[in-house]
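Enquirer:
In our numbering, the protein residues as written are 24 to 635.
(1) Does the beta-carbon of residue 68 have 16 or more other beta-carbons within 10 angstroms, so that it is buried, or is it exposed?
(2) Roughly how many angstroms separate the alpha carbons of residue 76 and residue 152, rounded to a whole number?
(3) Anyone know if the C-beta pair for residue 401 and residue 444 falls short of 9 Å?
(4) Using 8 Å for Cβ pairs, my map puts residue 413 next to residue 490. What's the rounded Cβ distance?
(5) Tell me whether residue 218 is buried or exposed, calling it buried when 16 or more other Cβ atoms sit within 10 Å of its Cβ.
(6) For residue 507, collect the residues of the same chain with a Cβ closer than 6 Å to its Cβ; drop the 5 residues on either side in sequence, then sort them by chain order.
(7) When the Cα atoms are used, what is the spatial distance from residue 100 to residue 290?
(8) Is the region 72-90 close to the region 121-135, with three or more CB pairs under 8 Å?
(9) Which runs of the alpha helix (DSSP H) spanning at least 4 residues fall entirely within the region 410-483, listed in chain order?
(10) Classify residue 481: buried if its beta carbon has 16 or more other beta carbons within 10 angstroms, exposed otherwise.
(11) What ranges does the beta strand (DSSP E) occupy inside the region 347-385, keeping only unbroken runs of at least 3 residues that lie completely in it?
(12) Compute the Euclidean distance between the alpha carbons of residue 544 and residue 579, then round it to the nearest angstrom.
(13) Using the beta-carbon count (16 or more within 10 Å), is residue 575 buried or exposed?
(14) Could you give the DSSP three-state label for residue 590: helix, strand or coil?
(15) Quick check: the Cα distance between residue 340 and residue 460, rounded to an integer number of angstroms?
(16) Considering only their Cβ atoms, is the gap separating residue 49 from residue 425 smaller than 9 Å?
(17) Should residue 199 be labelled buried (16 or more other beta-carbon atoms within 10 Å of its own) or exposed?
(18) Do we get a CB-CB distance below 9 Å when we pair residue 430 with the residues of chain B?
(19) Can you find at least 3 beta carbon pairs, one from the region 456-473 and one from the region 367-381, that sit closer than 8 Å?
(20) Would you mind working out which of 348, 613 and 25 sits nearest residue 55, comparing C-alpha positions?
(21) Which residues does DSSP list as the beta-bridge partners of residue 525?
(22) Could you tell me which whole beta strand (DSSP E) segments of length 3 or greater appear in the region 199-236?
(23) Straight-line CA distance for residue 146 to residue 546?
(24) Closer than 7 Å by C-beta to residue 52: which residues in its own chain qualify, once you throw out the five before and the five after it? Chain order, please.
(25) List the whole-angstrom C-beta distance separating residue 600 from residue 536, where the pair is believed to meet the contact cut-off of C-beta under 8 Å.
(26) Beta carbon of residue 325, beta carbon of residue 382: below 9 Å?
(27) Hey, residue 171 and residue 196 are a contact pair by Cβ (cut 8 Å); roughly how many whole angstroms apart?
(28) Whole-angstrom Cβ separation of residue 408 and residue 377, contact assumed at under 8 Å?
(29) Assuming residue 591 and residue 474 form a contact by the criterion Cβ under 8 Å, report the distance between their Cβ atoms to the nearest whole angstrom.
(30) Compute the beta-carbon to beta-carbon distance between residue 220 and residue 46, rounded to the nearest angstrom, for a pair I have assumed lies under 8 Å.
(31) Mind checking whether residue 208 and residue 259 have CB atoms under 9 Å apart?
(32) Three or more C-beta pairs closer than 8 Å, one from the region 269-278 and one from the region 227-236: is that the case here?
(33) What beta strand (DSSP E) runs, 3 residues minimum, are completely inside the region 43-108?
(34) Specify, as a first and last residue, the run of the beta strand (DSSP E) that residue 536 falls within.
(35) On a Cα-Cα basis, can you pick out the residue from 297, 154 and 391 that is closest to residue 411?
(36) Where does residue 397 sit, in a helix, a strand or coil, going by DSSP?
The following block contains the structure:
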């Protein structure tokens, strides 16, 4: 979950590393540090807090160096402080190391090193790994890369590491297992990072390091070997990301920018895949698997957080249109309960980053049992994209805000296309409904534009409820997962306790919480559950709850019944989650801003959860 960036070449390393850390800060912002090497030797500077605090620590120092690496931390082992921040020196300070992941057997390695007389400055597993590598290098002979390889053969856990050595100002050694690492290839220079965002400014040519591979950069040359010392030929690919996509573009926060990008990101996720005039849905990544999907007896969807909510929406859609039974699992629980998976089952793994550790573990378990795995992720070349048999990218573009917004609607869009393709192939959808849904899908971007025009009204409502300490979100059918997602957004960025429930379940417990201080957000659009939801609203109002209703344009019934309404355009109820979630995103954003929260970097969270 931490952010790694490194550089070696002919430029000044420090500005590149610092800028890269700022771009990776969404991955963790408990502390930050940098290692550089010049005439003064191998120097490490680090500070609790965000990268701006590190910049203050660097002021006035000799930072000239053409090699450097940096780290922005999401704490696992050891509290966030200066000492536990990365990089870490090895015992004799011959090496510096940065690390993303968790070394599960660090305690046993540490005990062995303590018996040899080692002492430790920090509480981290990372320092243990750095000292272990140095110990092997000093006592076994051979090269530093040999020592790294031997050490990693003993390590249990996940890691992406970069190592600098005081012995060689041209050398960086990097390795990965279960945590992402990208190498940017320039003219006589190399860049390393947890993702491509710090690299794209300098080069579009990248190598995605594979699990159990070690990259050795030395004297301007790159060599990649496996843990068993087999040399491999890395695949260099060109990334399409534009620099503007990772800048705020005039918005106050990345989250707000990404909410407003949804008309485009949904359109991009459909581009080339949907043609309503020709009644066509085509997903290139699934072309050879549509028959298998349509004939499957069971689909299991795995994901975490917002991706899990997208999976819940997909459950309704697949079952309604393709008549295939669907189960939606938390990826974090899936591998620990001995799930029943059979050959012929389809497992759909959803992840914005494509690097979610729990989802990757669920994929490997399902593959071992003979399932066919489809991936739905946003990052080209990510681990999930490479681990699955087939799948579809969401084309949402980089999402920097920690709280997912456009990733959710892009995931729901792609999952809807998958369900439509399966239903068409299986013959469980009429031609008229198929065409209708394609036409309405193509109208979604414009309809979201209309929702976004209500931003000022939503801001006024948000202002009224900044006092709240609790919220309840209610929805039925396809809008129940949207209620869960709305509650999650509010929790993540405003730190207000919020819960989502199926509206009918309110009577089975949550109704006890309702009084004049309890805001209740109800998704009450005109669909097959509308009358039931209206009854649920009346039950809330009878207990003096304050109701914010998401209503369909032209609804004349609800405005006189509830406290506040936010109108959204009408669309077929199967597609309604793509629209009904947008005002909930804006409501959460506005409340959080008014409460003075750091919307893009909420406390204790990180964008990409690459540790279990």
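The beta-carbon is built from N, C-alpha and C at its ideal position, and this holds for glycine as well.
Note that the structure is predicted; figures quoted are calculated from it, not measured.
Expert: Reading it off the structure:
(1) In the chain shown, residue 68 corresponds to position 45, counting from 1. With 16 or more Cβ atoms within 10 Å of its Cβ, residue 68 is classed as buried.
(2) As a first step, residue 76 must be located in the chain shown, where it is residue number 53. As a first step, residue 152 must be located in the chain shown, where it is residue number 129. About 26 Å.
(3) If you number the chain shown from 1, residue 401 lands on position 378. If you number the chain shown from 1, residue 444 lands on position 421. Not closer than 9 Å, so no.
(4) As a position in the chain shown, residue 413 is number 390, starting the count at 1. As a position in the chain shown, residue 490 is number 467, starting the count at 1. Residue 413 to residue 490, Cβ: 49 Å. No contact.
(5) The residue you call residue 218 lines up with position 195 of the chain shown. Classification for residue 218: buried.
(6) What you label residue 507 is simply residue 484 of the chain shown in a count that begins at 1. Cβ neighbours of residue 507 beyond the five flanking positions: 332 and 523.
(7) Position 77 of the chain shown, counting from 1, holds the residue named residue 100. Position 267 of the chain shown, counting from 1, holds the residue named residue 290. Cα-Cα distance, rounded: 42 Å.
(8) no
(9) 429-449 and 454-475
(10) For the purposes of this step, residue 481 is taken as the residue at position 458 of the chain shown. Answer is buried; the Cβ neighbour count reaches 16.
(11) 349-353 and 369-374
(12) As a first step, residue 544 is located in the chain shown; it is residue number 521 there, counting from the start. As a first step, residue 579 is located in the chain shown; it is residue number 556 there, counting from the start. Each residue's alpha carbon lies about 18 Å from the other.
(13) Counting from one through the chain shown, the residue named residue 575 turns up at place 552. Residue 575 is buried by the Cβ-count criterion.
(14) One-based indexing of the chain shown puts residue 590 at position 567. Residue state, collapsed to three classes: strand.
(15) If you number the chain shown from 1, residue 340 lands on position 317. If you number the chain shown from 1, residue 460 lands on position 437. Straight-line Cα distance between these residues: approximately 12 Å.
(16) On the chain shown, residue 425 is found 402 positions in, with the first residue counted as 1. On the chain shown, residue 49 is found 26 positions in, with the first residue counted as 1. Yes, Cβ-Cβ distance for residue 425 and residue 49 is below 9 Å.
(17) As a working mapping, residue 199 is identified with position 176 in the chain shown. Looking at its Cβ environment, which holds 16 or more other Cβ atoms inside 10 Å, residue 199 is buried.
(18) The chain inventory of the structure shown lacks chain B, comprising one protein chain alone.
(19) no
(20) Counting from 1 along the chain shown, the entry for residue 55 is found at position 32. Looking at the Cα atoms, 25 is the closest of the given residues.
(21) Indexing the chain shown from 1 puts residue 525 at position 502. Answer is 498, bridged to residue 525.
(22) 205-208, 213-216 and 228-231
(23) Within the chain shown, numbered from 1, the residue matching residue 146 stands at position 123. Within the chain shown, numbered from 1, the residue matching residue 546 stands at position 523. Roughly 47 Å between the two C-alpha positions.
(24) To locate residue 52, count along the chain shown from 1; it is residue 29. Correct list, in chain order: 73, 95 and 624.
(25) One-based indexing of the chain shown puts residue 600 at position 577. One-based indexing of the chain shown puts residue 536 at position 513. So it is not a contact: roughly 25 Å between Cβ atoms.
(26) Along the chain shown, read from residue 1 onward, the residue named residue 325 stands at position 302. Along the chain shown, read from residue 1 onward, the residue named residue 382 stands at position 359. Yes, Cβ-Cβ distance for residue 325 and residue 382 is below 9 Å.
(27) For the purposes of this step, residue 171 is taken as residue 148 along the chain shown, with counting starting at 1. For the purposes of this step, residue 196 is taken as residue 173 along the chain shown, with counting starting at 1. Between residue 196 and residue 171 the Cβ distance is about 5 Å, and since that is below 8 Å, they are a contact.
(28) Within the chain shown, the letter at position 385 stands for residue 408. Within the chain shown, the letter at position 354 stands for residue 377. Yes, residue 408 and residue 377 are in contact; Cβ-Cβ is about 5 Å, under 8 Å.
(29) Position 568 of the chain shown, counting from 1, holds the residue named residue 591. Position 451 of the chain shown, counting from 1, holds the residue named residue 474. Residue 591 to residue 474, Cβ: 5 Å. Contact.
(30) Against the chain shown, residue 220 aligns to sequence position 197. Against the chain shown, residue 46 aligns to sequence position 23. Confirmed, Cβ separation roughly 4 Å.
(31) Translated into the one-based positions of the chain shown, residue 208 becomes position 185. Translated into the one-based positions of the chain shown, residue 259 becomes position 236. Cβ distance < 9 Å, so residue 208 and residue 259 count as in contact.
(32) no
(33) 54-61, 64-71 and 90-96
(34) As a first step, residue 536 must be located in the chain shown, where it is residue number 513. Run containing residue 536: none; DSSP gives neither H nor E here.
(35) For the purposes of this step, residue 411 is taken as residue 388 along the chain shown, with counting starting at 1. Looking at the Cα atoms, 391 is the closest of the given residues.
(36) As a position in the chain shown, residue 397 is number 374, starting the count at 1. Residue 397: strand per DSSP, three-state reduction.
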